[in-house]
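There are 2 protein chains.
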Amino acid sequence: MDLFYFTGTMQKGILLVPARGEPLFFVEKGTIRAQRESPYPVLPLSRGSLAIKELLRMANITTGRWGMELDCLPYNLYARWRNELKGEIVDVSPIIKRLRMIKSNFELNAIRESGRIVAHVFRRAKDIIEEGMTELEVAALLEYEGRKKGHQGALRIRGFNQEMDNICVTQGLSGTYPSFTEAPIFGIGLFPAFPHGASWNRIKKHLPIVIDYGGGYEGYTTDETRVYVIDKMDETFKRPYEIAREIIEDTASFAKEGTPVRELYSRAAKKVEKERLADYFMGYGEGKVSFLGHGIGLEIDELPVITEKNNEVLQEGMVFAFEPKFVIPEKGVVGIEVDFIVRKGGLERVTEIPIDIIYL
Amino acid sequence: MDLFYFTGTMQKGILLVPARGEPLFFVEKGTIRAQRESPYPVLPLSRGSLAIKELLRMANITTGRWGMELDCLPYNLYARWRNELKGEIVDVSPIIKRLRMIKSNFELNAIRESGRIVAHVFRRAKDIIEEGMTELEVAALLEYEGRKKGHQGALRIRGFNQEMDNICVTQGLSGTYPSFTEAPIFGIGLFPAFPHGASWNRIKKHLPIVIDYGGGYEGYTTDETRVYVIDKMDETFKRPYEIAREIIEDTASFAKEGTPVRELYSRAAKKVEKERLADYFMGYGEGKVSFLGHGIGLEIDELPVITEKNNEVLQEGMVFAFEPKFVIPEKGVVGIEVDFIVRKGGLERVTEIPIDIIYL
Chain A
2 MDLFYFTGTM
12 QKGILLVPAR
22 GEPLFFVEKG
32 TIRAQRESPY
42 PVLPLSRGSL
52 AIKELLRMAN
62 ITTGRWGMEL
72 DCLPYNLYAR
82 WRNELKGEIV
92 DVSPIIKRLR
102 MIKSNFELNA
112 IRESGRIVAH
122 VFRRAKDIIE
132 EGMTELEVAA
142 LLEYEGRKKG
152 HQGALRIRGF
162 NQEMDNICVT
172 QGLSGTYPSF
182 TEAPIFGIGL
192 FPAFPHGASW
202 NRIKKHLPIV
212 IDYGGGYEGY
222 TTDETRVYVI
232 DKMDETFKRP
242 YEIAREIIED
252 TASFAKEGTP
262 VRELYSRAAK
272 KVEKERLADY
282 FMGYGEGKVS
292 FLGHGIGLEI
302 DELPVITEKN
312 NEVLQEGMVF
322 AFEPKFVIPE
332 KGVVGIEVDF
342 IVRKGGLERV
352 TEIPIDIIYL
Chain B
2 MDLFYFTGTM
12 QKGILLVPAR
22 GEPLFFVEKG
32 TIRAQRESPY
42 PVLPLSRGSL
52 AIKELLRMAN
62 ITTGRWGMEL
72 DCLPYNLYAR
82 WRNELKGEIV
92 DVSPIIKRLR
102 MIKSNFELNA
112 IRESGRIVAH
122 VFRRAKDIIE
132 EGMTELEVAA
142 LLEYEGRKKG
152 HQGALRIRGF
162 NQEMDNICVT
172 QGLSGTYPSF
182 TEAPIFGIGL
192 FPAFPHGASW
202 NRIKKHLPIV
212 IDYGGGYEGY
222 TTDETRVYVI
232 DKMDETFKRP
242 YEIAREIIED
252 TASFAKEGTP
262 VRELYSRAAK
272 KVEKERLADY
282 FMGYGEGKVS
292 FLGHGIGLEI
302 DELPVITEKN
312 NEVLQEGMVF
322 AFEPKFVIPE
332 KGVVGIEVDF
342 IVRKGGLERV
352 TEIPIDIIYL
């Protein structure tokens, strides 16, 4: 994704950014699209084992200190470069992630477009969900609704061995299990080989139906959650839902450029503790996650991460998903998630859809 | 996926297989599901930076030669282990990939189940496709059809920076562009940030509509392609389609356990050359791929890879997608793909659906 971020094209290649002089964009495959999509002149690169040497020869660079994305780059690929290069190889992922943390207007518009898909899907959910349908049926129909509006079809996640569904429809017990992906509520999925997302469980009355859906447009991800209930909601979930709502409303009213990120966490945590809901907040037991929100952009796990320990302050152009959620063991789940764009004077919501429970 | 392959669960953990003694399965998160899903006793592992040391202490292993999946493992994770371990770290991916190449009966049944989703989707396509629809609309509807039949929602691919759509619907020019994923025909997608899969192009008469769809059930992937045509097919594509069909029929009739893999490639290539179609076979120009098929299983890029240079012979229990395809620049694409299970006496088709062109 970093290559796309810097070049504007996903075609197969390598961007070499020297300390002095212009970046060199080598493309191995897809040169026609790369030329059309990228502002950089495209340098075609032959495929195969000599590609690296050829690249270095063409760039007339044979030594120096090299930066690569060592959080993503598989060891074998690293080793191949290691053998060809003189000089140290260092991890530039943290720098790139910080660059990508602040979104341009182009990016904000793509995120808003992505949010329009989310809004459409949440509106359609009201008409689609019926008692007795499986979580899978609801998910399949809503995925279709998003896709026909131009959803790119998948969301990208950077973390190693993490996976991200476009949609997770979950209710009751199926939402209470921990997931290998770092998310407070992620569904149990259809089978052990795909243990996240919607399951075969049938939708019942009274329990919150939690729908977590991510838009995807021009590569940009959004990520929001709403709660649907058939008939009246089970008492267990009323206070947790109200606290989630209060946390979002409170955050929307006080946070702005300059607010310490950890304050978003600590104010929420304080409310939760006061209500004696801390055990259930952001997961239960080993399923608990340490964040209350996460940056979104080309990937769904970007900076800033909203945690207790993040010493960053909010900056204009940051975009983050904010998701107070509760997992109540043996019972079910409830929670809300909205996406915020940080502005000088406050937070801007990416979608306009209300956060109220939708009663069916 | 290797962890799932060996343990039966996708929960977050580490499997340590010592040279002597029983494997040790450490689980960091999702212990309840891991216990339920895996035959191995689950050893809970605390999260955080001391996890590695704790693991080694519990296993009473402090030295030796360590095997890890260095084709996948990001460098930073490798480096973290490197600092904690004494002894050499070697790449065991090639051995694991060879183990996974031969499927058990459990796996074959999951693959057949996955194939039933594919068959359903190809049958539904006949009723769904209409002139004037966008490729995206067709893809969205067919994805929905597969998903409601229990498709797991995504396909997994092992190769670094490769991506795989569940479905690619493509016609005419939109199919002719190379992709960063190693596939002969992969669509142009909706925007530069997602340059594969269905596009906004509208379905026309006469040009082949190529639908490449992958089933996914219990983690197991299938991968087949059929051609749909509204009205009569443009002359350009008739011989290429016939050659694709002949290649599949020829392969189905001669290949069996013991057949050299490269013979599948060379017999096909010979037919293609005789017809003077070599330039268009398996991609055009820089978009050409070197394989005519690939193993399928938990991932879509497994062994064996059907190439000119593969010195392997077919073995019972191998499963591969076989995809003679043609890319005709400035015109369009055509091709067929079927999945074969290798048996002692011959090849078994995963789905029973015919490979004829479906006229609409």
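Just so you know, the sequences run in chain order A and B.
When we follow our numbering, the leftmost residue of the first sequence carries the number 2, and every step to the right adds one.
When we follow our numbering, the leftmost residue of the second sequence carries the number 2, and every step to the right adds one.
Ideal Cβ placement from N, Cα and C applies to all residues, glycine included.
Bear in mind that the values here come from a model prediction, so they are computed numbers and not experimental data.
Residue i, DSSP secondary structure in three states
i, result
"Arg157/B", "coil"
"Ala322/A", "strand"
"Gly333/B", "strand"
"His121/A", "helix"
"Val328/B", "strand"
"Phe192/A", "strand"
"Thr308/B", "strand"
"Arg113/A", "helix"
"Met102/A", "helix"
"Gly198/A", "coil"
"Ile97/B", "helix"
"Phe282/B", "strand"
"Tyr221/B", "strand"
"Tyr145/B", "helix"
8 Å Cβ cutoff met for residue i and residue j
i, j, result
"Glu324/A", "Ile158/A", "no"
"Gly116/B", "Ile204/B", "no"
"Ile356/A", "Val334/A", "no"
"Tyr242/B", "Ile90/B", "no"
"Ser175/A", "Glu144/A", "no"
"Tyr266/A", "Ile212/A", "no"
"Asp251/A", "Asn77/B", "no"
"Ile186/A", "Lys326/A", "yes"
"Pro179/A", "Glu331/A", "no"
"Ala1/A", "Ala155/B", "Nothing can be reported for residue 1/A, as the shown portion of chain A is limited to 2 through 361."
"Ile248/B", "Tyr281/B", "no"
"Pro193/A", "Thr223/B", "no"
"Ser94/B", "Glu70/B", "yes"
Run of the alpha helix (DSSP H) containing residue i, from where it starts to where it stops
i, result
"Arg227/A", "Run containing Arg227/A: none in the alpha helix (DSSP H); it sits in the beta strand (DSSP E), Glu225 to Val230."
"Glu85/B", "Tyr76 to Glu85"
"Ile53/A", "Ala52 to Ala60"
"Leu265/A", "Val262 to Lys275"
"Thr8/B", "Asp3 to Thr8"
"Tyr242/B", "Lys239 to Phe255"
Residues near residue i by beta carbon distance below 8 Å, same chain, minus five either side
i, result
"His207/A", "Val230, Ile231, Asp232, Lys233, Met234 and Asp235"
"Lys345/B", "Lys257, Glu258 and Glu317"
Bridge partners - residue i, DSSP secondary structure assignment
i, result
"Val170/A", "Ile212/A"
"Leu44/B", "Phe27/B"
"Leu16/B", "Phe26/B"
"Thr135/A", "Arg203/A"
"His295/A", "Val306/A and Ala322/A"
"Arg350/A", "Phe341/A"
"Val363/B", "Shown here, chain B extends from 2 to 361; a query on residue 363/B therefore has no answer."
"Ala360/A", "Looking at the sequence shown, residue 360/A is not Ala but Tyr. Its beta-bridge partners are Val230/A."
Own chain, CB closer than 6 Å to residue i, minus 5 neighbours either side, in chain order
i, result
"Gly198/B", "Asp166, Cys169, Gly188 and Gly190"
"Phe123/A", "Arg227 and Ile354"
"Thr352/B", "Gly116, Val119 and Ala120"
"Thr260/A", "Leu315"
"Ile129/A", "Leu142"
"His152/A", "Ile118 and Gly217"
"Glu146/A", "Val122 and Arg125"
First and last residue of the uninterrupted beta strand (DSSP E) at residue i
i, result
"Val91/A", "Ile90 to Asp92"
"Ile33/B", "Element bounds for Ile33/B: not the beta strand (DSSP E) but the alpha helix (DSSP H), Thr32 to Glu38."
"Gly68/A", "Trp67 to Met69"
Close beta carbons around residue i, own chain, < 7 Å, minus the five adjacent residues each side
i, result
"Tyr221/B", "Glu108, Ala111, Ile112, Ser115, Gly298 and Leu299"
"Ser291/A", "Thr308"
"Arg99/A", "Leu304"
"Glu38/B", "Gly9 and Thr10"
"Leu16/B", "Leu4, Phe7, Thr8, Pro24 and Phe26"
Cβ of residue i within 8 Å of any chain C Cβ
i, result
"Leu78/A", "Of the protein chains in this structure, namely A and B, none is chain C."
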